[in-house]
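Using my numbering, the first residue of the sequence shown is number 2, and each one after it goes up by one.
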Amino acid sequence: MRLFKKRRKRRIETTTPPVPVLQTERLVLRSFDENDAVDVYAYAHSNQVGPMAGWAPHASIEDSRKTIRMFIDGGEVWAMVEKKSGRVIGSIGLHKDTVRSIGGAKELGYALGETHWGQGYAAEASQEVLRYGFEELAAPIIGVSHFPTNGQSKRVIEKLGFSYEGTIRHAQQLPDDSITDIVCYSLLKSEYEEQKK
Ligand SMILES: CC(C)(COP(=O)(O)OP(=O)(O)OC[C@H]1O[C@@H](n2cnc3c(N)ncnc32)[C@H](O)[C@@H]1OP(=O)(O)O)[C@@H](O)C(=O)NCCC(=O)NCCS
2 MRLFKKRRKR RIETTTPPVP VLQTERLVLR SFDENDAVDV YAYAHSNQVG
52 PMAGWAPHAS IEDSRKTIRM FIDGGEVWAM VEKKSGRVIG SIGLHKDTVR
102 SIGGAKELGY ALGETHWGQG YAAEASQEVL RYGFEELAAP IIGVSHFPTN
152 GQSKRVIEKL GFSYEGTIRH AQQLPDDSIT DIVCYSLLKS EYEEQKK
């Protein structure tokens, strides 16, 4: 008889599972990797990109590395890799909804480097992420929002068939300390299925 039980080493899971690889016609959506920092910095240092999405332009490659680590730890954000160049041209995320408390509700977000604007990449990536959210994660609803001044994101949201649901006034404080409203939209799983037909 053993007097003392051998103490089992308890394994503490600290890592979130990575996002799955998704494909569209022109893009591969995959987990970020620390080696993506140069590509991320190339678009994220611009003052035209981050401020439209609520984050400050990256001041250094180290900023990009920190953001990438945060994306990897969160397990909610894909790197948008352009197939023809093999470069990371932006990011797209499906986050836990911060407004709704019902289970499984998600929130879409995206950002793309300026040199790739106007080619329909954000909508192409979003369509695949919406498919993943509704069909594989069984999200009952997916929300998305933009600042009132962001006409570009508004157009993407319209093209994706979201419904406008309202504007939250004085909703978010920006890195420059100004306060902005956010314009909110959503798509129900039933609406997504109807659109697919
Ligand atoms: C919003 C964003 C992701 C749109 O991506 P995209 O792939 O360029 O989207 P689209 O190609 O569908 O273009 C959307 C609209 O942007 C505008 N647009 C296109 N090219 C543009 C350019 N070079 N400069 C300014 N606006 C442009 C057009 O109004 C276009 O609408 P249209 O297709 O009806 O003409 C991208 O502009 C971006 O990353 N912006 C900065 C970050 C951001 O705003 N993130 C979203 C936060 S809610």
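Don't be surprised by glycine CBs; every beta carbon is placed ideally from N, CA and C.
Please read all numbers here as calculations on a predicted model, not as lab measurements.
* According to DSSP, is Gln173 helix, strand or coil? -> strand
* How big is the Cα-Cα spacing for Ser146 and Tyr133? -> 19 Å
* Got a sec? Which residues, its chain only, sit under 7 Å from Asp37 by beta carbon, not counting five neighbours each side? -> Ile69, Ala80 and Val89
* To do: Would you kindly work out how many angstroms separate the C-alpha atoms of Val29 and Gln153, rounded to a whole number?
  => 22 Å
* Asked: Looking only at DSSP bridge pairs, what is Leu28 linked to?
  -> Glu83
* Asked: What's the call for Val39, buried or exposed, on a 16-neighbour Cβ count within 10 Å?
  -> exposed
* Asked: If you measure from the CB of Ala139, is any heavy atom of ligand 1 nearer than 8 Å?
  -> no
* Asked: At which residue ranges does the region 73-157 contain complete beta strand (DSSP E) runs of 3 or more residues, listed in the order of the chain?
  -> 78-83, 89-97, 107-113 and 142-147
* Where Gly51 falls: helix, strand or coil (DSSP) -> helix
* **Beta-bridge partners of Thr168, as assigned by DSSP** => Val184
* Asked: Who pairs with Leu23 in a beta bridge, going by DSSP?
  -> Leu30
* Neighbour-count burial assignment, Asp98, 16 or more Cβ in a 10 Å radius -> buried
* Asked: Cα-Cα, which of Val41, Gly167, Ala57 and His46 is closest to Leu175?
  -> Ala57
* To do: Pull up the DSSP beta-bridge partners for Leu189, would you.
  => Ile142
* Got a sec: does ligand 1 put a non-hydrogen atom nearer than 8 Å to the Cβ of Tyr111? -> yes
* To do: Verify whether the separation of the beta carbon atoms of Val50 and Gly114 is less than 9 Å.
  => yes
* Straight-line Cα distance separating Val82 from Thr25 -> 10 Å
* **From Ser86, Leu131, Gly119 and Tyr193, residue whose alpha carbon lies closest to that of His96** => Leu131
* Asked: Can you find a heavy atom of ligand 1 that lies under 8 Å from the Cβ of Asn151?
  -> yes
* **Backbone secondary structure at Gln196 - three-state DSSP** => helix
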